[in-house]
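Asker:
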Amino acid sequence: MKFSYNFLKKYIDIKLTPEKLAELLTMHSFECAVFRKTDNDSILDVDILPNRSHDALSHYGLVKEIATLTKKPLKKLKTKFREDSKIKSGDFISVSVTEKNLCPRYIAKVLTDVKIGHSPKWLKNALAEFNINSHNNIVDILNYVMLEIGQPLHAFDYDKLDGKKIIVRTARKGEKINTLDGGRYDLDEDVLVIADSKKPAAIAGIKGGLETGISEKTRTIVIESANFESGAIKRTSRTLGLNTDAAIRFSYGIDPNLTEFGMNRVCALIQEIIPGVKIASGKIDIYPKKFLLRTIKLNLDYLNKLVGENIKPEFVKITLESLGAKIKIVGKKLFFVTVPTARLDLEIEEDLIEEVFRIYGCMNLKGQMPVAAITIPKKNDVNFLINKTRDILTGVGFSEVYNYSFVGDKDISEDYKSKLIEIQNPASEDFKFLRPELTFGLLKNIKNNFRFFEKVKFFESGKVFSASASERLSLAGIYAVKESKENVAGRRFFELKGDLDVLFENLGITDCQYNSAVSKWWHPGRFAHIKYGENFLGIIGEVNPATLAVLDIPGRVAMFHLDFEKLIEIVEEEREFSPISKFPAVIRDISILVGRETKVDDVLNVIHGAGAELVKGVDLFDYYEGEELPEGRKNLAFHIIYQAERTLINEEVRHEEEKIKNALIKELNAEIR
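This note's numbering applies: residue 553 is where the sequence shown begins, and numbers increase by one.
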């Protein structure tokens, strides 16, 4: 906002140059610079932030700030005037407010024998500094007071008000208004208006109506000084595209108690400038819910702790009193501060501390070396494992994704709907529920990314939610290819299983079991429950092609879903470690033909059972199904590791091999190749 240096000097005796004043305000209050200089004045450009607009968006408001900073006394404004006891405002007009929430306070006062004419030169010049054209003495005085104290006011021609009534209400559908600036606006039920008994006379807090405006023939006026709810004015201003100085001030919020001060200031100036005017006694003041003073507790020890400086109690007291607050001291360290209603921004203890600190000045803080006990940061095991998991999965080709924690009806299957937690006020139907699984978001990721890529691997970690259980940390991954044909059946499933094995191995989890399971959602024979001992870790599977068809996703999709919290518990378990053997291991390969329905896990159990004494490890390294093989058969090849607490000889190893081969033939009808 622009401020006149000469205007400011009317209310305070300051010796600072405009440049020095701008520097002072910038250091303590608002960014400020000299905007332009004229022959007799300097115009300051002050960036009043929204949280201070209610008290500092006026010359007198800014002068209060300057008085605090310079410790100079503030000159009082003239607000006293003579009333004519023979006439009363209430005898001329009635006021009713139907929308009390939108208009917390409304004051009306009647003036008679008004002579509309030109304003004195000093008033015209003052307005001209702010590019405000002079209209007539009444309008100019109202504009001047708004610049002076920040309270917008309006004047109606009393004789043009139908029914001699003022009604503060919302507009009726189809109503229109012609405004003083020549505009014409269609109103709706959301627009607050000042109306007489027949029509809107003004758009509340924004613009007056042409039909009730004052003219050279006006002799009796009704002055309005009101307070309007900031949100309502902001919405109306935006809807109508009508942004005025009054609308800006009301949009930021104004102290309801400023309305009376504004009315008194206007009446005093009118009586001073326009001779012979009669001011009716009394006023109509609709103020149902008083805006009361607020008292905030301020602990000086807390203040000094936040600021990092021992500020003297006397300085705190003087500073807050200079802002208009009243102080009650309890003991040596406790103040009860009653803040002026004009300071709408002062609500909590920290607000008061901020005021004291900015007046004290950050440049006055003494440099101090930090004093603290330096401790070794405690390792966050959960975050460490989450980050380690990220590194492992990205190392095998996955990319991490982040999805919303909300899903819609169309994202989830019917099986989950009874377990969902519904949001009371969702942003849209697509964010109606908390997600029960991570897989729903990953499937949407696949569908979107298939437009650009033929193969994608994603993973995500995050919270999942169920109505029957508390929220839990989950980990899910997805591996998908756009091409549906496979040269090896279940290839994506087994590749994903291999990625999971890498994850488990790097996390130190061995002997995980993949138990075959059945679900309509998953491909028959390519779906398993993952267990570690008695702990259920999650699932892995290839999505049923029928399910993909419903979701309109092409290709092959394999997924896993793990209980990450259970995984973390297992990783954090204490383990016993055996020393590395001093004796070499012997590795032999074996290739077998078994039935297609035979599980690899069954083969592993037979191998370990037959060679229990010497077999230390078995790794599957080849899996093949093809037309060259007998019908219904598949080929499996394993590395078998033999080791003992001695150096093994070939005869011992051959003996164990024969035991294993015989067991495979007997128990699985295997054919050794």
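The beta carbon of each residue, even a glycine, is placed where N, CA and C say it ideally should be.
Under a Cβ-count criterion, where at least 16 other Cβ atoms within 10 Å of its own Cβ denotes burial, should Thr941 be classed as buried or exposed?
Answerer: Taking the sequence shown and counting its residues from 1, one reaches residue 941 at position 389. Per the 10 Å Cβ criterion, buried.
Asker: Could you tell me how far apart the beta carbons of Glu989 and Val1016 are, in whole angstroms, since I believe they sit closer than 8 Å?
Answerer: The residue labelled residue 989 in the question sits at position 437 within the sequence shown. The residue labelled residue 1016 in the question sits at position 464 within the sequence shown. Between Val1016 and Glu989 the Cβ distance is about 6 Å, and since that is below 8 Å, they are a contact.
Asker: Straight-line CA distance for Ser957 to Asp1171?
Answerer: In the sequence shown, counting from the first residue as 1, residue 957 sits at position 405. In the sequence shown, counting from the first residue as 1, residue 1171 sits at position 619. Spanning the two alpha carbons is a distance of roughly 39 Å.
Asker: Measure how close the beta-carbons of Gly828 and Lys667 come, nearest whole angstrom, since I'm counting them as under 8 Å.
Answerer: Walking along the sequence shown from the start, residue 828 turns up at place 276. Walking along the sequence shown from the start, residue 667 turns up at place 115. Right, the Cβ-Cβ distance comes to about 7 Å (below 8 Å), so this counts as a contact.
Asker: For Lys786, collect the residues of the same chain with a Cβ closer than 7 Å to its Cβ; drop the 5 residues on either side in sequence, then sort them by chain order.
Answerer: Within the sequence shown, numbered from 1, the residue matching residue 786 stands at position 234. Contacts found: Ser803.
Asker: State yes or no: is the C-beta of Leu1238 within less than 7 Å of the C-beta of Gly783?
Answerer: Residue 1238 falls outside the range modelled here, since the chain spans only 553 to 1225, and no answer is possible.
Asker: Between the beta-carbon of Leu699 and the beta-carbon of Ala723, is there less than 7 Å?
Answerer: Working through the sequence shown from its first residue, we reach residue 699 at position 147. Working through the sequence shown from its first residue, we reach residue 723 at position 171. It is not a contact, given that the beta carbons lie outside the stated cut-off.
Asker: Any idea if Met915 is buried or exposed, counting beta-carbon neighbours within 10 angstroms, 16 or more meaning buried?
Answerer: Start at 1 with the first residue of the sequence shown, and residue 915 comes out as number 363. When all chains shown are included, Met915 counts as exposed.
Asker: Helix or strand or just coil, what does DSSP make of Thr722?
Answerer: Taking the first residue of the sequence shown as 1, we reach residue 722 at position 170. It is a strand residue.
Asker: With DSSP as the reference, label Met553 as helix, strand or coil.
Answerer: Counting from one through the sequence shown, the residue named residue 553 turns up at place 1. Reduced to three states, the DSSP call for Met553 is coil.
Asker: Could you please give the first and the last residue of the uninterrupted beta strand (DSSP E) stretch that includes Val1102?
Answerer: Within the sequence shown, numbered from 1, the residue matching residue 1102 stands at position 550. From DSSP, Val1102 is part of no beta strand (DSSP E) but of the alpha helix (DSSP H) over Pro1097 to Leu1103.
Asker: With DSSP as the reference, label Ala1137 as helix, strand or coil.
Answerer: Within the sequence shown, the letter at position 585 stands for residue 1137. Coil, per DSSP.
Asker: Considering only C-alpha positions, which residue in the set His580, Phe555 and Met1111 is nearest to Pro570?
Answerer: Taking the sequence shown and counting its residues from 1, one reaches residue 570 at position 18. Among His580, Phe555 and Met1111, the Cα nearest to that of Pro570 is on Phe555.
Asker: Beta strand (DSSP E) containing Gly1077: first to last residue?
Answerer: Here residue 1077 refers to the residue found at position 525 when the sequence shown is read from its first residue. Unbroken beta strand (DSSP E) run through Gly1077: Trp1074 to Tyr1084.
Asker: Residue ranges of each alpha helix (DSSP H) run of no fewer than 4 residues wholly in the region 675-745, ordered along the chain?
Answerer: DSSP runs (the alpha helix (DSSP H)) wholly in the region 675-745: 689-701.
Asker: Give me the residue from Lys1072, Thr1099 and Ile1061 with the minimum Cα distance to Ile1082.
Answerer: Position 530 of the sequence shown, counted from the first residue, corresponds to residue 1082. For Ile1082, the nearest C-alpha among the options comes from Ile1061.
Asker: With a floor of 3 residues, list each beta strand (DSSP E) that falls wholly inside the region 1133-1209, ordered by position along the chain.
Answerer: Listed in chain order, the complete beta strand (DSSP E) runs (minimum 3 residues) inside the region 1133-1209 are 1138-1147, 1167-1176 and 1185-1194.
Asker: Is any heavy atom of the ligand HEM found at a distance shorter than 6 Å from the C-beta of Arg604?
Answerer: The ligand content of the structure shown is nil, which means the ligand HEM is not present either.
Asker: State yes or no: is the C-beta of Pro752 within less than 7 Å of the C-beta of Ile729?
Answerer: By one-based count along the sequence shown, residue 752 stands at place 200. By one-based count along the sequence shown, residue 729 stands at place 177. The answer is yes: Cβ separation under 7 Å.
Asker: Whose CA, out of Phe1011, Val1205, His1191 and Ile1142, lies closest to the CA of His1113?
Answerer: Taking the sequence shown and counting its residues from 1, one reaches residue 1113 at position 561. That would be Phe1011, whose Cα lies nearest to the Cα of His1113.
Asker: Could you tell me the boundaries of the alpha helix (DSSP H) in which Met815 lies?
Answerer: Position 263 of the sequence shown, counted from the first residue, corresponds to residue 815. Note, Met815: alpha helix (DSSP H), Leu810 to Ile825.
Asker: Suppose you measure from the CA of Tyr494 to the CA of Ser749; what does that come to, to the nearest Å?
Answerer: Limits of the chain in this structure are 553 at one end and 1225 at the other, which puts residue 494 out of reach.
Asker: Please report how far the alpha carbon of Leu1100 lies from the alpha carbon of Asn1214, in whole angstroms.
Answerer: Indexing the sequence shown from 1 puts residue 1100 at position 548. Indexing the sequence shown from 1 puts residue 1214 at position 662. Cα-Cα distance, rounded: 43 Å.
Asker: When DSSP labels each residue in this structure, what does Met915 get in the three-state scheme?
Answerer: By 1-based counting over the sequence shown, the position of residue 915 is 363. Helix, per DSSP.
Asker: Quick check on this structure: which residue in Lys918, Thr871 and Met921 has the alpha carbon closest to the alpha carbon of Ile911?
Answerer: In the sequence shown, the residue the question calls residue 911 occupies position 359. Minimum Cα distance to Ile911 is reached at Thr871.
Asker: May I ask you to list the residues that DSSP assigns as paired with Asp643?
Answerer: As a working note, residue 643 is residue 91 in the sequence shown. According to DSSP, which records beta bridges pairwise, Asp643 is partnered with nothing at all.
Asker: Three or more C-beta pairs closer than 8 Å, one from the region 1072-1080 and one from the region 1202-1213: is that the case here?
Answerer: No, the region 1072-1080 does not touch the region 1202-1213.
Asker: Please classify Arg790 as buried or exposed, where buried requires at least 16 neighbouring CB atoms within 10 angstroms.
Answerer: One-based indexing of the sequence shown puts residue 790 at position 238. With fewer than 16 other Cβ atoms within 10 Å, it is exposed.
Asker: Going by DSSP, which residues form a beta bridge with Met1111?
Answerer: Position 559 of the sequence shown, counted from the first residue, corresponds to residue 1111. In the DSSP output, where bridge partners are listed per residue, Met1111 has Ile1030 and Gly1093.
Asker: Have a look at Ala1028, Phe1056 and Ile659 and flag the residue whose alpha-carbon is nearest the alpha-carbon of Phe780.
Answerer: By 1-based counting over the sequence shown, the position of residue 780 is 228. It is Ile659 whose Cα lies nearest to the Cα of Phe780.
Asker: Could you check what DSSP says for Asp807 in three-state terms: helix, strand or coil?
Answerer: Stepping through the sequence shown from its first residue, residue 807 is reached at position 255. Three-state result, Asp807: coil.
Asker: Between which two residues does the beta strand (DSSP E) carrying Val891 extend?
Answerer: The residue you call residue 891 lines up with position 339 of the sequence shown. Its beta strand (DSSP E) spans residues Leu886 to Val891.
Asker: So, at 7 Å on beta carbons, what are the nonlocal neighbours of Lys630 in its own chain, with the 5 sequence-adjacent residues on each side left out?
Answerer: Here residue 630 refers to the residue found at position 78 of the sequence shown. For Lys630, where only same-chain residues beyond five positions count, the Cβ hits under 7 Å are Ala820.
Asker: Measure the alpha-carbon distance for Glu812 versus Ser777 and round it to whole angstroms.
Answerer: Position 260 of the sequence shown, counting from 1, holds the residue named residue 812. Position 225 of the sequence shown, counting from 1, holds the residue named residue 777. Their backbone Cα atoms lie some 7 Å apart in a straight line.
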